[in-house]
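To keep things clear, I will list the structure first and then write my remarks on it.
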Ligand code: NAP
Ligand code: F7E
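Spelled out as structure tokens, the structure:
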């Protein structure tokens, strides 16, 4: 395949998972930098373009699915990317317990399909793989960095460990420029409704507007290192601009419990979270990740990456977005 930038064309990026939270922020980021953005769109009875509604005119969509090898080959042939960002996944941990085989097909084997398509069609391209702090699972040491051993605690975590090592192995075996970004939890007003930050933010707004009186959660003691998706997509791009491919942890270095998240979120509207939060064992997981806190020293030193949005600003933005969507009281 010819080098698309050789003739002075705009740089091209292929983004899988473009309809998801990170895909929408990454598409904005790449478009701002003058990239021609191609988004892989899988067939569905009604495409979920809500998060990229404001960008659809500026994105080239190519059909494809991580479950289908030939569609990935065609998507790369059509888009001729310099950079491939693999953000597509079955990303909800509880669903991975209910659908472990589907999760493995998409998140693990799907990545091998994409790596092989890249090797066949665009071996000179650079690829980013969306790895996760869930790979650390039952953590061996804290904080977790690129050298911390993996011990995943869900079919989701297991699938991502496979994909991580497939990414490393294709780099070592076939000399491909493939990077694995080990990102800790990152959220935004575009976060899926089922994740705990969005569930809490939405409930705070509904309670404030008198539409609900309480929210039911699972484990309030679990600790997460929560950052903002807009900060984290900058790191994805930065990894692919380095001279050599490598793996990087992206995290804020601070950790909070789900209870602390509730305290900050209900505090945004001057309420005491203990008046509105109840728990139900139905939301507990068969195996839990109790503590995550990342050490992003390498990213700071090599990529010059730092998060800019604080946890409090993030939660406030999420609650404000729900309040605005519900309208004035
Ligand atoms: P998300 O909002 O759940 O988006 C997932 C995306 O994957 C959607 O665009 C979805 O498309 C697409 N997808 C699902 N199955 C697919 C398939 N078979 N073929 C093609 N596309 C498929 O996830 P996110 O929060 O943006 O996360 C992006 C990536 O980072 C994921 O790989 C996730 O596992 C990983 N990650 C996320 C976090 C986090 O805290 N957000 C942290 C670490 C790693 P549809 O619209 O068609 O469903
Ligand atoms: O759970 C606890 C739950 O579902 C966070 C994905 O993006 O980040 C995400 O995975 C914590 C867990 O995210 C409820 O038990 C309590 O300890 O928001 P979550 P996650 O499982 O950490 C990683 C990095 C990814 O890679 C994933 O793709 O909150 N929790 N009560 C609850 N969680 C949910 N969802 N709902 C509750 O009611």
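Numbering (my numbering), first residue to last: 4 to 332.
Note that the Cβ used here is the ideal one computed from N, Cα and C, for glycine as well.
Everything numeric in this text was worked out from a predicted model, so none of it was measured.
Best match in the options for proximity to residue i [C-alpha to C-alpha]
i           : options            : result
residue 119 : 12, 207, 69        : 69
residue 224 : 17, 102, 258       : 258
residue 232 : 201, 245, 174, 216 : 201
residue 13  : 328, 281, 40       : 40
residue 47  : 195, 55, 67        : 67
residue 181 : 198, 149, 129, 164 : 129
residue 42  : 243, 207, 23       : 23
residue 178 : 184, 185, 169      : 169
residue 149 : 114, 117, 254, 115 : 254
residue 21  : 103, 92, 218       : 92
residue 235 : 80, 306, 165       : 306
residue 222 : 97, 172, 108, 246  : 97
residue 278 : 115, 262, 293      : 262
Per-residue burial, residue i [other beta carbons within 10 Å of its own, 16 or more giving buried]
i           : result
residue 133 : buried
residue 17  : buried
residue 4   : The pLDDT assigned to residue 4 is 45, lower than 50, so where the model puts this residue is not dependable; a value taken from the coordinates is nonetheless given after this. Burial call: exposed.
residue 342 : Since the first and last residues shown for the chain are 4 and 332, residue 342 lies out of range.
residue 244 : exposed
residue 283 : exposed
residue 194 : buried
residue 54  : buried
residue 63  : exposed
residue 143 : exposed
residue 226 : buried
residue 152 : exposed
residue 113 : buried
residue 313 : exposed
residue 56  : exposed
Presumed contact (8 angstroms Cβ cut-off) between residue i and residue j, rounded CB distance
i           : j           : result
residue 147 : residue 298 : 6 angstroms
residue 240 : residue 32  : 6 angstroms
residue 105 : residue 138 : At roughly 19 angstroms, the Cβ-Cβ gap does not stay under 8 angstroms, so residue 105 and residue 138 are not in contact.
residue 109 : residue 82  : Not quite, the Cβ-Cβ distance comes to about 20 angstroms (not below 8 angstroms), so this is no contact.
Check whether residue i and residue j have beta carbons under 9 angstroms apart
i           : j           : result
residue 295 : residue 187 : yes
residue 84  : residue 15  : yes
residue 140 : residue 155 : yes
residue 75  : residue 30  : no
residue 111 : residue 184 : no
residue 136 : residue 252 : yes
residue 206 : residue 217 : yes
residue 94  : residue 160 : no
residue 220 : residue 269 : no
residue 272 : residue 326 : yes
residue 164 : residue 250 : no
residue 34  : residue 61  : yes
residue 107 : residue 162 : yes
Residues of its chain near residue i, where Cβ-Cβ distance is below 8 angstroms and the 5 sequence neighbours each way are ignored
i           : result
residue 324 : 192, 204
residue 303 : 309
residue 37  : 13, 14
residue 117 : 19, 69, 75, 87, 89, 130
residue 213 : 332
residue 329 : 208, 209, 212, 214
Proximal residues to residue i (C-beta, below 6 angstroms), its chain only, five neighbours per side dropped
i           : result
residue 6   : Reliability of the predicted coordinates at residue 6 is poor, the pLDDT of 47 falling under 50, and the value obtained from them is presented with this limitation in mind. So the list is empty, once near-sequence residues are dropped.
residue 248 : 174, 180, 181, 182
residue 209 : 215
residue 103 : 158
Cutoff 7 angstroms; reference residue i; Cβ partners in own chain excluding five residues on either side
i           : result
residue 315 : 267
residue 8   : Residue placement at residue 8 is flagged as unreliable, the pLDDT there being 49, under the threshold of 50; a coordinate-derived value is accordingly withheld.
residue 121 : 79, 87, 128, 130, 179
residue 52  : 22, 59
residue 319 : 271
Residue i CB to nearest heavy atom of the ligand NAD below 8 angstroms
i           : result
residue 291 : You won't find the ligand NAD in this model; what it holds is the ligand NAP and the ligand F7E.
Within-9 angstroms CB hit, residue i to chain B
i           : result
residue 116 : Included in the structure is just one protein chain, with no chain B present.
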